[in-house]
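See below for the structure under consideration.
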Amino acid sequence: MTSIENNIQKISSLIGAEHVIQDQESLHFYSTDIFGTANEQAIAVVRPGNADELISLIKLCIENEITLSQEVVVLLYKFISAC
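Residues in the sequence shown are numbered consecutively from 339, following our numbering.
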């Protein structure tokens with residue numbers, strides 16, 4: 339298992355596989371904005387179900403040096419602020 343697969347497995351175990359999106363059509367959608375498609379496509383999109391899962395996810399990413407995109411950080415901030 340590669341380190342990427344290992345990290346995705348850790349995330350899936352933490353918040354549930356149903357919150358981890360990896361199909362190509364969805365990844366393409368999430369890699370596109372009003373300016374077009376990004377140069378790099380996400381490996382996975384993670385959508386925690388609540389604030390506790392979000393906090394656990396961020397801790398896991400920090401501990402395992404998993405990169406969060408700038409867009410993710412903005413969305414996370416808005417999510418936490420709304421709680």
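Cβ coordinates follow ideal geometry from the N, Cα and C atoms, glycine included.
Only a predicted model underlies this, so the values are computations on that prediction, with no experimental measurement involved.
Do A382 and I346 have their C-beta atoms closer together than 8 Å? yes
Sheet register partners of G374 (DSSP bridge): D371
For a test of the three-state rule: what should DSSP assign to I342, helix, strand or coil? helix
Compare the C-alpha of S351 against each of I400, L406, I404, S394 and name the closest. S394
Sequence-distant residues of its chain with Cβ nearer than 7 Å to S364 (five each side left out): V383
Do K348 and N388 count as a contact pair if the criterion is CB distance below 8 Å? no
Helix, strand or coil for I446? Go by DSSP, reduced to three states. Outside the displayed span of the chain (339 to 421) sits residue 446, for which this structure offers no information.
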